[in-house]
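Residue 108 in the working numbering sits at position 95 of the sequence shown; the count goes up by one each step and never skips. No residue lacks a Cβ here, since even glycine has one placed at the ideal position from N, Cα and C.
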Amino acid sequence: SKLSTQLSWLTTGPTLHSAAVFSFTRALTLPLYRNFDLCTKVLFDLRGVVSGGRSSILSTLLGLYQTLRSHEFFYLHNVVFVKEYCVWIQHVSDKHIAKLQTALRDMKVTKSDLPLPLKQFEKLMELGEEASDSGEESCSSSDEYTSSSEFSTSSESDDDTDDLVDEGTDNDQEMESLAINVKSLDLEKDMPPTCLIEELN
């Protein structure tokens, strides 16, 4: 009901085209998901309903009546509008329905018809996408540079690791020789107990 100016604000356009423009504008402003192509598809479906004649229009109105009657608040739209439309469509002349079918078949709604800067928004979106693409390219190039520098750094670190391993091996050998020398010492013979305590302190 929010997309219809008739159901929301009791506002009707002076022409069929203005009524469609009002609905397009509200559909591209109020909902969470807004799509101009979807609005055009709804208009295409409306043409199909009206082209089916009186029975097709009445069937659609009755379906809308069943949908709104179970709602806590929207059932009032049935009382004020939909029920009256169901009665009206059964008595309207075939000439009037044919005129409505012709008007809908020839009617087109473009983005320039709407009081919204859609083209400016689309241009801004294109610029934003181009900026994001250029940013991704720069990130990929920096990643390549980082990976190459990491490769060179890793090779250097591998060399450093080899040197550390060699130094560690030498240290292990020195520690083993020291351990052997310590085991071979006779502390009671080579060093008095008092001296040993002083060294430990």
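Exposure label - residue i; buried when at least 16 CB within 10 Å
i	result
N216	Coverage of the chain is limited to positions 14 through 214, which leaves residue 216 absent and any answer about it impossible.
F35	buried
D74	Per the sequence shown, residue 74 should be read as Leu rather than Asp. Counting Cβ neighbours within 10 Å, L74 comes out buried, since at least 16 surround it.
C52	buried
Closer than 8 Å to chain B by CB, residue i
i	result
L127	Going by chain labels, chain B is absent from the structure shown, which holds only one protein chain.
Cut-off 8 Å between Cβ atoms - residues of its own chain near residue i, not counting five sequence neighbours on either side
i	result
L131	L41, F49 and K124
K54	none
R47	A40 and L41
P27	none
Same chain, Cβ closer than 7 Å to residue i, neighbours up to 5 away in sequence not counted
i	result
T38	L127, P128 and L129
Q114	V63 and S64
E142	none
Cβ neighbours of residue i in the same chain (closer than 6 Å, five flanking residues each side left out)
i	result
L117	R60 and V63
A33	V122
Y78	N91 and V95
L29	A116
D18	The displayed chain sequence assigns Thr, not Asp, to residue 18. Correct list, in chain order: T24 and F35.
Alpha-carbon to alpha-carbon, residue j and residue i
i	j	result
L89	K15	14 Å
T25	S147	48 Å
L137	P44	21 Å
F57	E135	23 Å
D119	H109	16 Å
Y98	L71	8 Å
K112	W101	16 Å
S83	V93	15 Å
Q133	E85	40 Å
A144	S31	38 Å
L140	G76	44 Å
Every unbroken alpha helix (DSSP H) inside the stretch 38-82 [4 residues or more]: 49-64 and 67-82
Touch test, the stretch 65-78 against the stretch 95-110, Cβ-Cβ under 8 Å, three pairs minimum: yes
Complete beta strand (DSSP E) runs within the stretch 118-145 (minimum length 3 residues, chain order): none
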